[in-house]
Every structure is written in C-alpha cells, then in structure tokens.
Amino acid sequence: MKKNIYTVLFLAAVLFVTEANAQNRIHYNNRDIFMNGSNVAWVRFAADIGTGNPDLNQFSKIFAEMHAAGGNSFRLWLHTDGTTTPSFDSNGLVNGPGNNAVSDLKKILDLAEQNEVGLLLCLWSHDMMSTSNSQTILDRNKKLLTDTTAIRAYINNALVPMVEGVKGHPAIIAWEIFNEPEGFTEIGNWSSKIHVAEADVQRFVNMTAGAIHRADPTAKVTNGTWGMQALTDVTYLSKVSKSAFYNSLTEEQKTNMELFVESNYCMKMTAQEIVNKFYSPQASNNNFYRDDRLIAAGGDSLGTLDFYTVHYYSWAGTALSPFHHDYAGWNLNKPLVIAEFFMEDSFGVPYQNLYNQLYNTGYAGALSWQWLGDTQANDNAKNSDHSRTVAALTDLFENHHADIVLFIKSGTIYKFKVSPLNVQKDDSCTVTWETEVGSGVTINNEALAISGSKSYIPNQNTTFTLTTTGENPQTRSISVKYIPSGTIIYFKVKPKELPLGDTARVVWTTAKGSEVKINGASVPVSGTIYVVPDNNNTSYEITTSGEVSDSKTGYVSFVAADQANRSYGGDFTVSSLDSTIINNKVDNLYDGNYYTSWTSLSGSTQTVQVDLQKVYDINKIVLTWGASYSKSYQIYSSLDGLTWNTIKLQAGGKGGTETYNLTAQGRYVKLGMASSTSAPLVMSEFEIYGMPVTTAVISGNTLPAVYSLEQNYPNPFNPSTVINYQIPKAGNVSLKIFDILGREVITLVNGIQSAGSYKVELNAKQFTSGVYFYRLTAGDFIQVKKMLLMK
282 MKKNIYTVLF LAAVLFVTEA NAQNRIHYNN RDIFMNGSNV AWVRFAADIG TGNPDLNQFS
342 KIFAEMHAAG GNSFRLWLHT DGTTTPSFDS NGLVNGPGNN AVSDLKKILD LAEQNEVGLL
402 LCLWSHDMMS TSNSQTILDR NKKLLTDTTA IRAYINNALV PMVEGVKGHP AIIAWEIFNE
462 PEGFTEIGNW SSKIHVAEAD VQRFVNMTAG AIHRADPTAK VTNGTWGMQA LTDVTYLSKV
522 SKSAFYNSLT EEQKTNMELF VESNYCMKMT AQEIVNKFYS PQASNNNFYR DDRLIAAGGD
582 SLGTLDFYTV HYYSWAGTAL SPFHHDYAGW NLNKPLVIAE FFMEDSFGVP YQNLYNQLYN
642 TGYAGALSWQ WLGDTQANDN AKNSDHSRTV AALTDLFENH HADIVLFIKS GTIYKFKVSP
702 LNVQKDDSCT VTWETEVGSG VTINNEALAI SGSKSYIPNQ NTTFTLTTTG ENPQTRSISV
762 KYIPSGTIIY FKVKPKELPL GDTARVVWTT AKGSEVKING ASVPVSGTIY VVPDNNNTSY
822 EITTSGEVSD SKTGYVSFVA ADQANRSYGG DFTVSSLDST IINNKVDNLY DGNYYTSWTS
882 LSGSTQTVQV DLQKVYDINK IVLTWGASYS KSYQIYSSLD GLTWNTIKLQ AGGKGGTETY
942 NLTAQGRYVK LGMASSTSAP LVMSEFEIYG MPVTTAVISG NTLPAVYSLE QNYPNPFNPS
1002 TVINYQIPKA GNVSLKIFDI LGREVITLVN GIQSAGSYKV ELNAKQFTSG VYFYRLTAGD
1062 FIQVKKMLLM K
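The opening position of the sequence shown corresponds to residue 282 in the working numbering, with each subsequent residue numbered one higher.
Right, dumping it as structure tokens:
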C-alpha cells in the first residue's frame, strides 16, 4: 500500500513539474517557446505604420541581425501616441485604423517571417498621455481611455480591422495592449503625463483583449506592465531601506538612473528623488491584470491576458527584480516575459548572465531594451550598439535552441564547432555538430548522423565543411591551422632593459617535434632559462628546425637601477581582452611602445595584475592611457598575491599619462578600474619603478622578512665560494648551479628548511673555468645570480 501511495505522489510531482515548465513558456506555432529577443520599439517613432512607406530596408536589416544572433523575437510599437494611427473623426472618435496601417503592418510582418522572427505587437504607450502632446491629441486619447463609446469605436473601427487584416500571420507571437500605462495613473503618478484612473486602464485592457480574442480566437494578448508592483499580489519585505539602497548605489548607477527617468519618463529628478518616489522596500503590490480584476473592470469574460510582460530597471532595486527572485516567487498563474531591461550589471548579477538567469529561473522570455542601444549610455546615444544582447542571444540559442526556434525546418544547422583551431604534429581536433531532425548531413563529403562529434588528426591546414539537405539546406565551414614542427610560437627575453648584474629570463615555446637551440645550445621545445647579461652577452637567439626552420633574437640593454621599468620583467594578467582588435595583446602594456595598447572588453570593472618575480621597494608608478580611460581606480601591492594593500586611490583621473610617486613594497601590483561608461578601457603602458628588497628588520630583530639571494663571496673565486640566502618562512628550498648554456651542474640544497639565514659553501675544484649561475627556488620565489670561476 505504501508503495502505491509513493508511486501516486511521484507521478503527481512529475505531472506538476511538467505542467509548470510548460506553463512558463509561450505557446506558439504548436510549440512552447522562450522569447529570446529584444525591443525594436520603433524605426520611426509612432509612424512605422500608417504612412504607406515603412522603412522596409531597416526592418529587414534588423530582423536579419536578430536571426543571425540566434534570437527569435522583437517587440514593436504600433499606435504608440496616436499621432499617426488610428484615424479620428471631428468628434474625437476613432473611425479607422489609419491609411495604409494594415498593409504597412503586413509588410513588416512578412519581413519578420522571412527572417524567422516573431513580433510582439504593442498598440499604445504611456506617450499617448504625455503633456508634450498637443491638446487635441491629449483630449481624444483621454476620451479613448475614459469613455466606453470611444473605446468601442476604436475596437470596431480600428482594432478589429487590424487583427482581422493580419489574422493568422505566422510572425505574430501576441498583441500587447499597453506599454507602461501605470505612468499615467495613480500607480506611477508621473508628472509628465495627463492622468486617468487605473480602473480606466483595466477596463480598456479588458475590452480590447476580449475583442482581439473574438476577432482571432488563436491570438494571444498581453500587457506591458511598468514594474512588478503592478503585477503581483506578493509583498516582498526587503531588508534594505530606501536610505540604505540609495547609499549602496555607485555614482555611475545614480547617473544612469537619472538619465533613464529623464529620457524615458520625461521627468528630471535626482537619484535621491527617484529612490524616494519609486523604490519600495515594503511594497504594497497588486496584480491589476489578474483575470477577475480585469473582468470586473470591463465586464468581458474573454478580456483576459494569455501571459504577462513586465519591465525592470535599477530604480526598482532587488525587491522587485526578476534577476533576484525566481518566477515562482511572484505567485502568478500565467507565463511571465521580462520585456524591457538594460544589459548592465544588476546589483551583483553580471549582464552576461541576465538572459540565462531568466531562462533558468522559470521566466518565459527576455527582451532587452533596446536594439538601438542596449545600455543606458547607448540608449541615450541611439548608437545601435546591441553587442551585449547579441552575445546573450547567441549563447542562449546555442545551449537551448529547442526552446527558441520558431519555424522548424530540416536542414537547419544549430551548432557547428571545431576545437582546437590550432593543432600541432599528431594533435587531434574535435568537430561537433547539431542539426534539425530529418536533415541529411555530411562533413567533407562523409555522411554522418544529424548530431554528434568526431575527432580528426590534421597534418596540414584543413577546412571542415558541414553541408545539410532538407527544407532548409545550409553549409558552414571552419578552418583549422596546422602548426608544423620548427615553428616558434613564443619567444621573449624579459626584461629587455635591466641594471647590469640583474637576472633576465629567456622564455620560449615552439611546436611539437621541433629541434631547438638557444645561442647554439640544445634546449627543450619549451621552457625558461635564467641568465645574467653582461656587456659581452646582450643578445639571445633561438633557432629551430623540423618541418620548417625559424629563428628569432631578443636583446637586452642596461640602465641605472633607479631608471629600470620593473614591468618589463613581470608577468601580466588582465580581466578581459577584446580579441576582435588586431594586435591587441597583454604584452602591449609593457613593450615600451606608446603606440600600442591593451583594450579591454566593454564593462564597468576591469583589472590588470603583474607579478614582478621578486619583491621591490616601489617608488613610482606611471599609467599611460589610450582613448578611453578610467576616472576611478585603485592601485594595490602584495607580497604574496593574496593579501593586498591599497597604495593609491584615484577618484578623478583625467587620462593621458598619470605619474604617482609613492612608497610601497611588494612582488605583485594590481590595478582595479571602474569605467565611467560601458566603453572598453585602453592603456598603452603600465610602468613600475623601484629597487629590489634584500633583507628587512622586524621588531628590532635581524631575521629575514623577505626572500633574498646574495652575491657569492669571493667572486671571482678559485676553487671555493660562499653563497648566502634568506627565507622568511618554512618551505621547500632548492639551490642549484648551472653552466652558461643553462645546463644543471650540481644541486647544493633540496629539501624543507625553516625560516632563517643560510650559508652554503661551493667547492668547484672539479669545474672548468668560466661563468656559472646559481638559482634559489623557495615557494614562488625564484632568483638567479652569476659567478665567475677563474683557475
């Protein structure tokens, strides 16, 4: 009996999960889809239909871009403010959809279908009640919202003819009644609008939704709601007060908040005023568009919504954020699409994660604002920068195309990748592909299954071509570069400028199977050797042979110790790098060339970190910026790369060359930057100056505070010499001797040692005369010095 009960409970749970997942998608074309898209909003504000001359070239371009990115939907505004459509008679009543309105709309829908994109058609916006409109427009629009006779005239003479005129068009995902009508009601109470009651909005939504459902029983209807406070009955008790929320905002967030409210709501307010007016830590939320409330307002039993759409911007904080609450938390019984949001970090959620987060937490769609610019700065500039949206659309499509594709056609290629794109001798690469069911598939003329992966071992440059047959035959090609043995992949002598007697590193990587020599001595295919250049040894040449032959030479020069840029010998890491820019390399930060630079990806925070290889007393740092710079940044130093000390805090950087004389100690230096816009950061040089640290005094004791290796004494020597070194903490220590070709001669120390100062004697009576190097390795510390045996 228990087993039967458990079985019933398990099946019930499965059915519940299945129903919940299905419910949280938009049913379209006999499938449940996730709306993976953006807002076209308009090409010509309030005039995309009704002129007889829509900008079809621009619509075609935009739709093609969306499809190429892996997106499936746009939100398009139609009447918007009522200045072009619908048409009105002298009594202020609607008497038609407007000249050419239906034919214009059909042309736009046809282009969307051709590009396999669906549209969410929004009828009216809060702009219809903007005080900037003429009195004639305001009077007739207010009448439309408050007079049932006017509403019926609109329904009968404009709405129904529009719906019937494009009924069944495959590019229509749904009709949307309003864009943020709460702004002209007591809910939003925007000062830039003429107000009506929210009950008027509810009645209008009910009557128009019912009319659409009667004119086209297959059509879906929604409403673009301003924020979650008007779409849920759940009250979120946020622990963050208004003052705490305001204090948590960065200056950039405050500025963007002010710009958004001014440009979108036509109200000039300070960030503090915005938070006081809109942010609600203890929201008295109310779903004004719940079925029973809409029917009560308008009396039409068919006048309900099929799914909800809502907008989110930073003024709502986290209490009303879809990025901080799962769909289930709003206690809604219809799918919910987040139909407007900026592609910007949202209180701890990186913008790169926004689409995936909505997909994974139960929402039915994600539509960024907007294709003309998907951040606050780009929206203001209307610069058509939607690169962040494109990246998010593509990522979601590649991982979840089954929930996104609107028109299923055999032959469609969903995924085609080859990794790695660079191979060496005997290396393999893996080709991965995925196509639609029913497709015929070949890769380089080999017949294969509709999806899978296969490994290949190229021995030359190879192009893999995937070809499909079916309703939508496609071809894609990806090239793999073969790197023959003998190729020099990387070669550096670091630093290129150093004080006489200091240690340099020769670092190289060559292709597998290469024969490699440095200054005539055989070395492995990749590695690092430590050298101490002198006036007779200032160049290091690498030569290779194999399938090809190659050679490169690195040079060093000598400078005074206090003039040496220690960055030249460091290892740099950066938070991001824009790989689309030719010759954009991390090395540009320390190549001594002010005409080359490192450029980050777009984003509000970036870091540059350098390991100087040993501890320095740092006395100067010079930053040279390119075209885009950070106004606010911090410079840190660290002895171990774990514990960081702030050595410079800059809140008003001006770009160009910025020089800081300071006093600090560290092996590691880090620069943390905050961009004033969403633009990438550009830096040409990051220079660090200082003297190496040998020993330090702690609390009056001459115990070692840092790792150090002293010059042997005597030097030159014959046949014995003494090497002194210090280690500040216990650990594994090795002290080795190498000849001038980098070959190990003898190991003097290899084992665990406690903190302290050590002295080791070397007896070299078996060695031949010449230059030798000794290297101390302790933890992450490595230091090399040169000595001379003269017999």
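Positions of the beta carbon are idealized from the N, C-alpha and C atoms, including for glycine.
- In this structure, Val441 lies away from Leu386, with their beta-carbon atoms at least 8 Å apart.
- A direct Cα-to-Cα measurement between Ile928 and Lys549 gives close to 39 Å.
- By the criterion of at least three beta-carbon pairs nearer than 8 Å, the region 1025-1033 is not in contact with the region 946-965.
- Here Ala431 is buried: its Cβ has 16 or more other Cβ atoms, across all protein chains shown, within 10 Å.
- The closest CA to that of Lys833, considering only Ala434, Val1003, Thr790 and Gly505, is found on Thr790.
- Under the criterion of beta carbons closer than 8 Å, Glu539 and Ile555 qualify as touching, at roughly 7 Å.
- Contact between Ser406 and Trp358 holds: CB atoms are separated by about 6 Å, below the 8 Å threshold.
- With a beta-carbon spacing of about 20 Å, Met972 and Asp852 fall beyond the 8 Å limit used to define contacts.
- In this structure, the alpha-carbon of Ala802 lies about 34 Å from that of Glu966.
- Following the DSSP letters along the chain, one finds Lys698 inside the beta strand (DSSP E) bounded by residues Ile694 to Ser700.
- Taken atom to atom, the span from the alpha-carbon of Trp471 to that of Asp514 is near 22 Å.
- For a cut-off of 8 Å, the C-beta gap from Thr642 to Tyr589 is around 15 Å, too long to register as a contact.
- The residues Thr976, Ala977, Gln1007, Ile1008, Pro1009, Ala1036, Gly1037 and Ser1038, in chain order, have a CB closer than 8 Å to that of Pro985 in the same chain once the five nearest residues on each side in sequence are set aside.
- When DSSP states are grouped into helix, strand and coil, Ile902 belongs to the strand group.
- For His681, the enclosing alpha helix (DSSP H) begins and ends at Ser668 to His681.
- Along the region 995-1042, the beta strand (DSSP E) occurs as fully enclosed runs of 3 or more residues at 1001-1008, 1012-1020 and 1025-1034, listed in sequence order.
- In the DSSP annotation of this structure, the continuous segment of the beta strand (DSSP E) that includes His592 starts and ends at Tyr589 to His592.
- In the displayed model, Val542 falls within a helix according to three-state DSSP.
- Of all alpha-carbon atoms in Ser826, Phe1019, His682 and Lys777, the one lying nearest the alpha-carbon of Gly767 is that of Ser826.
- In this chain, Ser649 is not harboured by any alpha helix (DSSP H); it is covered by the beta strand (DSSP E) spanning Gly646 to Ser649.
- Selection Tyr871, Ser878, Tyr876 and Gly936 evaluated against Leu893 yields Tyr871 as nearest (Cα-Cα).
- By the Cβ test, the region 406-421 is not in contact with the region 343-354, since fewer than three Cβ pairs between them sit closer than 8 Å.
- According to DSSP, residue pairing for Leu1069 in a beta bridge involves Val1052.
- Gln1047 counts as exposed, since fewer than 16 other C-beta atoms from the protein chains shown sit within 10 angstroms of its C-beta.
- In the DSSP assignment, Leu930 falls outside any alpha helix (DSSP H) and lies within the beta strand (DSSP E) extending over Asn926 to Gln931.
- The C-beta separation of Val383 from Phe355 comes to about 19 Å, leaving the pair out of contact by the 8 Å criterion.
- In this structure, Thr516 is the residue among Gly654, Thr886, Ile619 and Thr516 with its C-alpha nearest to the C-alpha of Asn612.
- If you compare the alpha carbons of Pro776, Ile724 and Tyr876 with that of Thr746, the shortest gap goes to Ile724.
- Collapsing the DSSP output to three states places Gly505 in a strand.
- Per the C-alpha coordinates, the member of Lys474, Val477, Lys1066 and Arg484 positioned closest to Pro780 is Lys1066.
- In the three-state DSSP reduction, Tyr527 falls in the helix class (H, G or I).
- In the structure shown, Val963 adopts extended strand secondary structure according to DSSP, grouped into three states.
- Sequence-distant partners of Leu1057 (beyond 5 residues in either direction) whose C-beta falls short of 6 Å from its own C-beta, in its chain, are Leu990, Tyr1006, Leu1016 and Gln1064.
- Taking all protein chains shown into account, Pro701 has fewer than 16 neighbouring C-beta atoms within 10 Å of its C-beta and is therefore exposed.
- Cβ-Cβ distances below 8 Å link Pro997 to Met1068, Leu1069, Leu1070 and Met1071 in the same chain, with the five nearest sequence neighbours on each side left out; the list follows chain order.
- Cβ contact annotation for Gly947 (same chain, cutoff 6 Å, sequence separation greater than five): Ser918, Ser919 and Leu920, in chain order.
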